[in-house]
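Throughout the sequence shown, residue numbering follows the numbering used here, covering 1164 to 1683 in sequence. C-beta atoms are modelled at their ideal positions from N, C-alpha and C, and glycine is treated no differently. Heads up, the thing below is written out as structure tokens.
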Amino acid sequence: MNVLVALVLGALLGMLVALGVWLTQRRRLAERQKEREERSRLALESLEEKRRAAEREAELREKDARHRIREEVERELEERNRELQQQKRRLEKREETLDRKMDQLDQREQEVDQRRGGLEAEERELEKEKERTRELQAGIFTRLEEIALLTAEQAKELLIAEIRDQARLESAKLLKQIEEETRREARKRSSEIIATAIQRYAGESVAEHTVSVVALPSEEMKGRIIGREGRNIRALEAATGCDLIIDDTPEAVVISGFDPVRRQVAKRALEELIADGRIHPARIEEVARKTRKGISNEIREAGEQALLDAGVHGAHRDIVRLLGTLKFRTSYTQNVLNHSVEVASFAGIMADELGLDANIARRCGLLHDIGKAVDHETQGSHAVIGGQLAKKFKENPVVVNAIWSHHFDIEPTSVYGPLTNAADALSAARPGARRENLETYIKRLENLERIATDFGGVDKAYAIQAGRELRVIVQSDKVDDDHATLLARDIALRVENEMTYPGQIRVTVIRETRATGVAH
1164 MNVLVALVLG ALLGMLVALG VWLTQRRRLA ERQKEREERS RLALESLEEK RRAAEREAEL
1224 REKDARHRIR EEVERELEER NRELQQQKRR LEKREETLDR KMDQLDQREQ EVDQRRGGLE
1284 AEERELEKEK ERTRELQAGI FTRLEEIALL TAEQAKELLI AEIRDQARLE SAKLLKQIEE
1344 ETRREARKRS SEIIATAIQR YAGESVAEHT VSVVALPSEE MKGRIIGREG RNIRALEAAT
1404 GCDLIIDDTP EAVVISGFDP VRRQVAKRAL EELIADGRIH PARIEEVARK TRKGISNEIR
1464 EAGEQALLDA GVHGAHRDIV RLLGTLKFRT SYTQNVLNHS VEVASFAGIM ADELGLDANI
1524 ARRCGLLHDI GKAVDHETQG SHAVIGGQLA KKFKENPVVV NAIWSHHFDI EPTSVYGPLT
1584 NAADALSAAR PGARRENLET YIKRLENLER IATDFGGVDK AYAIQAGREL RVIVQSDKVD
1644 DDHATLLARD IALRVENEMT YPGQIRVTVI RETRATGVAH
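Given below as structure tokens:
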């Protein structure tokens, strides 16, 4: 029984505990519900407050915008009113101006009407004068026909015939003058062409350009060079490609040939044979082969040295060989290889001064005469041949054009063409670059001085600096300062017209006054 009561009491206690727990949870849930409702209410109130604030702010922005728009509209209306006022004032001024111009036009119309009336009256008077003049001319013509016994048509024909004869005479004089000028120009041009052609193959002095002279130790050596039935000389000519001339010149043999390299091979081979003393066909072929090989090495070394001297790098090996060949080529007695190195130096200096690429300029200058190495084997100008060679060996197109155009065979496409031409002219025309015959040189200086002394007022004339400058001393009492300037120009023009010379000649006119006193 006690156990049952205990169980019932335990069960009731558990139910009471469970009921207490349930009531506690319900209270907590109710409290949480109230808190959520309170938070929701507060959130709604906050949102409502924000909405009202946003509405108030929007209303304020709208009012502000309306106010700004109103101000802008009022300001724009004011500006337009001002512009309208300005336009109105301008229109009023224009109306006033137009009124004044209309008044002026009215006045001018009145003046024109008055002048028109005067002109009409003058025209009527002129018509009357013309009529009287025509009557007088008719009477004069009639009188002239009676006096000259010729009609007007006959007189006109005579006058036309006389004018035609006079025009024919003047045209004949002009034609003769043109023919003389053309003949002089053609003679000068043909002389230049012939001189150029002769220079390429013979030059002024054949001994300097197409032949080489080998000195012999004795006259007996001539017979040994000729050999039995001429076999030695034939072998030497066949091995070297040059002609040997053995004549009455004492103790000398002349080697003739247009190829300077072959001529050099023949000369050195013959000198070695003479020094060795063994002269026979087999020995001749051996020495010629050995000499040719030595010349080939010398050519290569000369080309490499020229490239080094000019500061040019990366040239094709065939370009190097052609450059070395120029060592044995001369132009107007000037060594072409030395001339090319000098042109490269001049071109580089001028390129530096002009702010151009000095390396390209030196390359153009060094290779500008490369065509002269083979121009005796190929038809055409050495500039054209050189340009073709440079293009063949993949040179820079600027360099190719400069070589090709340095004598203006084609139009230059860059500044390096005229630059190379200028450097070439500097090297060729500088004093001492090219020798000339002493007699020709003296004659040129005498002609210079003669041209100057032909002018009035000239006291003395001196050609100095190898004919590069002409100094003229004039009489101060006959030539004033202004006349001295004109005299210098006239002398220079006459020198240009009457003489042929390389480079330029400076004409300096000197006028001075001297006063002398003697103390006793």
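query                                                                                                                                                        : result
Can you list, in chain order, the residues of its chain whose CB lies under 8 Å from that of Ser1577, leaving out five sequence neighbours each side?        : Val1561, Asn1564 and Ala1565
Could you check what DSSP says for Ser1459 in three-state terms: helix, strand or coil?                                                                      : helix
Check whether the Cβ atoms of Glu1434 and Val1504 lie closer than 7 Å to each other.                                                                         : no
Between Gly1580, Ile1409, Ile1447 and His1443, which has its C-alpha nearest Val1506's C-alpha?                                                              : Gly1580
Go to Arg1397, then tell me how far its alpha helix (DSSP H) extends in each direction, as first and last residue.                                           : Arg1394 to Thr1403
Is it buried or exposed, Ala1465, if we count other Cβ atoms within 10 angstroms and call 16 or more buried?                                                 : buried
Shortest alpha-carbon distance to Gly1487 belongs to which of Glu1449, Asn1522 and Ala1536?                                                                  : Ala1536
Comparing alpha-carbon positions, which option in Ile1673, Gln1542 and Ala1651 lies nearest Asp1640?                                                         : Ile1673
Check whether the Cβ atoms of Ile1605 and Asp1622 sit closer than 7 Å, and answer yes or no.                                                                 : no
Skipping 5 residues on each side, what residues in its chain have a beta carbon closer than 8 Å to that of Ala1415?                                          : Val1376, Val1377, Ala1378 and Leu1379
Whose CA, out of Ala1169, Leu1489 and Leu1552, lies closest to the CA of Asp1422?                                                                            : Leu1489
Applying the 10 Å Cβ sphere with the 16-neighbour rule, what's the burial state of Gln1427?                                                                  : buried
Thinking C-beta only, is Thr1671 closer than 7 Å to Arg1634?                                                                                                 : yes
Just how far apart, CA to CA, sit Thr1412 and Ile1389?                                                                                                       : 15 Å
On the DSSP letters alone, give me the boundaries of the alpha helix (DSSP H) that Leu1656 sits inside.                                                      : Asp1644 to Glu1661
What separation, rounded to the nearest whole angstrom, lies between the Cα atoms of Leu1650 and Lys1557?                                                    : 53 Å
Does DSSP put Ile1418 in a helix, in a strand, or in coil?                                                                                                   : strand
Can you tell me where the alpha helix (DSSP H) holding Val1504 begins and where it ends?                                                                     : Val1499 to Leu1517
With a 10 Å radius around its C-beta and 16 neighbouring C-beta atoms as the bar for buried, classify Phe1491 as buried or exposed.                          : buried
Between the beta-carbon of Arg1526 and the beta-carbon of Val1475, is there less than 7 Å?                                                                   : yes
Taking only the alpha-carbon atoms, compute the straight-line gap between Val1236 and Ser1209 and give it to the nearest angstrom.                           : 40 Å
Which residue comes first and which comes last in the alpha helix (DSSP H) that contains Val1483?                                                            : Arg1480 to Thr1488
Would you decide whether Ile1447 is buried or exposed? Buried here means 16 or more other CB atoms lie within 10 Å of its CB.                                : buried
With a 10 Å radius around its C-beta and 16 neighbouring C-beta atoms as the bar for buried, classify Thr1541 as buried or exposed.                          : exposed
Nearest to Leu1485 by alpha carbon, out of Ser1494, Ser1508 and Ala1469?                                                                                     : Ala1469
Between which residues of its own chain and Ile1573 is the CB-CB distance below 7 Å, once the five residues before and five after are set aside?             : Trp1567
Using 7 Å as the threshold, is the C-beta distance between His1569 and Asn1584 below it?                                                                     : yes
How about Phe1509 and Leu1582: do their beta carbons lie closer than 7 Å?                                                                                    : no
With Asp1439 as the anchor, note down where its alpha helix (DSSP H) starts and where it stops.                                                              : Pro1423 to Asp1439
CA-CA distance, Leu1471 and Arg1607?                                                                                                                         : 39 Å
Please report the straight-line C-alpha distance between Arg1452 and Ile1462, rounded to a whole angstrom.                                                   : 15 Å
Which parts of the segment 1551-1626 are runs of the alpha helix (DSSP H), unbroken and 4 residues or longer, counting only runs that do not cross its ends? : 1560-1568, 1579-1592 and 1601-1616
Which stretch, first to last residue, makes up the alpha helix (DSSP H) that contains Arg1526?                                                               : Ala1521 to Leu1530
Can you tell me where the beta strand (DSSP E) with Glu1632 in it begins and where it stops?                                                                 : Glu1632 to Val1637
Measure the beta-carbon distance from Arg1403 to Ala1429 and round it to whole angstroms, keeping in mind my assumption that it falls under 8 Å.             : It should be pointed out that residue 1403 corresponds to Thr in this sequence rather than to Arg. At roughly 4 Å, the Cβ-Cβ gap stays under 8 Å, so Thr1403 and Ala1429 are in contact.
Which of helix, strand or coil does DSSP assign to Val1376?                                                                                                  : strand
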